[in-house]
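Below you'll find the structure, written out as structure tokens, and then a few comments.
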Amino acid sequence: MKVLVINSGSSSIKFQLLDMADETVLASGLVERIGEPVSLVKCAMHPGRDGEVLLKREMQIEDHQSGMHQAVELLTDEQRGVVRSRIDIGAIGHRVVHGGEDFHQPTMIDAAVVAAIEKNIPLAPLHNPANLDGIHVALGLFPGIAQVAVFDTAFHQTIPPRAHIYALPYELYERYRIRRYGFHGTSHKYVAGECARLLDKPLSACNLITIHLGNGCSMTAIENGRSIDTTLGMTPLEGLVMGTRSGDIDPALLVFLHRNAGLGIEEIDRLLNTESGLKGICGHNDMRDIHAAIADGDRRAALALDIQTYRNRKYIGAFMAVLGRVDSLVFTAGIGENDAVVRSRSVEGLECFGIQIDPQRNQQRIDGPLRISSQLSSIAVWVIPTNEELAIARETIGVVEAGNNKEMKRR
Ligand code: ADP
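Taking our numbering, the leading residue of the sequence shown gets 1, the next gets one more, and so forth.
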């Protein structure tokens, strides 16, 4: 079956078409700057393989509807397209950021599911409406084709109350559903599954700490294959130090900033989400720029690296205490997959807990999963590239097949 994965943002649509018979990527594309005077549509057919073709168009794209139209035109292009027509697409998987407490797993989209995603807009006011735009357009363009919503939050719905309820008046949870939801769930679940395969154990028997370090960063404690705690919270701001987001801070700082620096609520929101983290400390949010700055003697850049890796180490320790037994630590995403320095500094001094990295293995180029722990390490440390599109496609197939099985039983 061919599965189209759609990640619809406020001004962009990322899409990937996969042939799930062998999990190859048939096409991978992006429509960006939707609504601006000049938009861009890019699509690579057969990316990374012989016969790769890159198609690019600059044009005005007013909305998601015409953006998606362009994407479909490229995919079905007579000469260079990868499918003959829309009906060759067997199912569509949509990335949805916030499923609130309504979704514990990926779910076939119908009117009730759309309504529930809408209901959760206050929890993700920037993301859910954009995700919904993609869903509405795809429902119109692909009538009769199964469409599945895959939620960033769903994997973390197994986190127990002691780890998801904040120590605030309980009525706030009851009234506004203020609690920890966690994010990056698709990525954490995917690398956990890959790690279990590499350890040759069922996921349901694995205790893991998965560490997603990209622009956004989060760490998850996984017990017997289920998320039991994670660092991101009600919003994607809590926990680790990120590219431009602060992670953990004293919440009273917000009041202090308001009272003493005269900042309003919008300014504080912007400060915490876009002007903090690595960027706030040293002016750079890309780890490659930080290393370059450190090489030039920039002490703030060195401090930013020190603060981020210290926070990582602190949470690894916390999650080891939460889990007791840990089979493996898994690094993933842009920084986690590419930055040997961040990885080694994040586990520095943890030898006494059975974590030891092999410096040579840690320096190797990553083009697939790699174990970087030494023979002496009782806890395996892995680098496992994440693949959210493949994860969404697999989840989509899972939902479609479960639906088909149910249908067969009913008959
Ligand atoms: P996103 O959260 O947007 O999906 P990614 O997982 O792609 O982000 O991670 C992007 C980040 O990864 C960049 O901001 C950069 O800091 C980091 N990164 C990418 N390549 C490298 C590299 N070779 N070395 C160090 N860091 C890298």
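All residues carry an ideal CB built from backbone N, CA and C; glycine is no exception.
Sub-8 angstroms separation of residue i and residue j beta-carbons
i      : j      : result
Tyr166 : Arg175 : no
Thr210 : Tyr181 : no
Leu272 : Arg311 : no
Ile366 : Cys195 : no
Ile34  : His64  : yes
Leu370 : Gln364 : yes
Ile357 : Arg345 : no
Asn7   : Arg95  : yes
Gly140 : Lys2   : no
Leu278 : Gly239 : no
Arg394 : Leu350 : no
Leu4   : Ile92  : yes
Gly216 : His184 : yes
Leu198 : Asp327 : no
Arg189 : Ala391 : The sequence shown places Lys at residue 189, not Arg. Contact flag set, yes.
Val38  : Glu58  : yes
Ile316 : Thr230 : no
Ala221 : Val322 : yes
Ile249 : His258 : no
Arg56  : Leu30  : For the record, residue 56 in the displayed sequence is Lys; it is not Arg. No, the pair does not count as a contact, with Cβ atoms beyond the cut-off.
Ser12  : Glu32  : yes
His212 : Gly336 : yes
Gln374 : Gly354 : It should be pointed out that residue 374 corresponds to Ser in this sequence rather than to Gln. No, the Cβ-Cβ distance between Ser374 and Gly354 is not below 8 angstroms.
Counterpart residues of residue i in DSSP-defined beta bridges
i      : result
Arg226 : Glu223
His212 : Ser218, Thr332
Glu32  : Ser12, Leu40
Ser373 : Ile357
Leu18  : Val3, Val25
Ala146 : Ala91
Val255 : Looking at the DSSP assignment, Val255 forms no beta bridge with any residue, so it has no partner.
Ala380 : Ser328
Phe319 : None, per the DSSP bridge assignment.
Phe151 : Val96
Residue-chain proximity (residue i, chain D), Cβ-Cβ < 8 angstroms
i      : result
Cys217 : Here there is only one protein chain, and chain D is not present.
Residue i burial status per 10 Å Cβ neighbour count (16 or more: buried)
i      : result
Ala304 : buried
Leu17  : buried
Asn404 : exposed
Pro106 : buried
Asn387 : buried
Pro122 : exposed
Cys282 : buried
Gln60  : exposed
Glu52  : exposed
Gly67  : buried
Leu232 : buried
Met255 : Note that residue 255 corresponds to Val in the displayed sequence, not to Met. Exposed.
Ile87  : exposed
Asn285 : buried
Gly264 : exposed
Asp306 : exposed
Asn260 : exposed
Pro236 : buried
Asp102 : buried
Asp50  : exposed
Distance cut-off 7 angstroms: residue i Cβ against heavy atoms of the ligand NAD
i      : result
Ile335 : No copy of the ligand NAD occurs in the structure displayed; its ligands are the ligand ADP alone.
**OP:** With a floor of 4 residues, list each alpha helix (DSSP H) that falls wholly inside the segment 173-210, ordered by position along the chain.
**Re:** 185-199
Original post:
When the Cβ atoms of the segment 372-384 are set against those of the segment 320-333, are three or more pairs found closer than 8 angstroms?
Top reply: yes
Original post:
In the segment 41-121, which residue ranges form an unbroken alpha helix (DSSP H) of at least 4 residues, counting only runs that do not cross its ends?
Top reply: 64-75, 111-119
Original post:
Any contact of the segment 398-407 with the segment 21-34, i.e. 3+ C-beta pairs under 8 angstroms?
Top reply: no
Original post:
Does the segment 70-78 come close enough to the segment 148-162 that 3 or more CB-CB pairs lie under 8 angstroms?
Top reply: no
Subject >> At least 3 beta-carbon pairs within less than 8 angstroms: the segment 122-132 vs the segment 96-103 >> reply: yes
Original post:
Could you give the uninterrupted runs of the alpha helix (DSSP H) lying entirely in the segment 268-306, keeping only those of 4 residues or more?
Top reply: 277-282, 287-295
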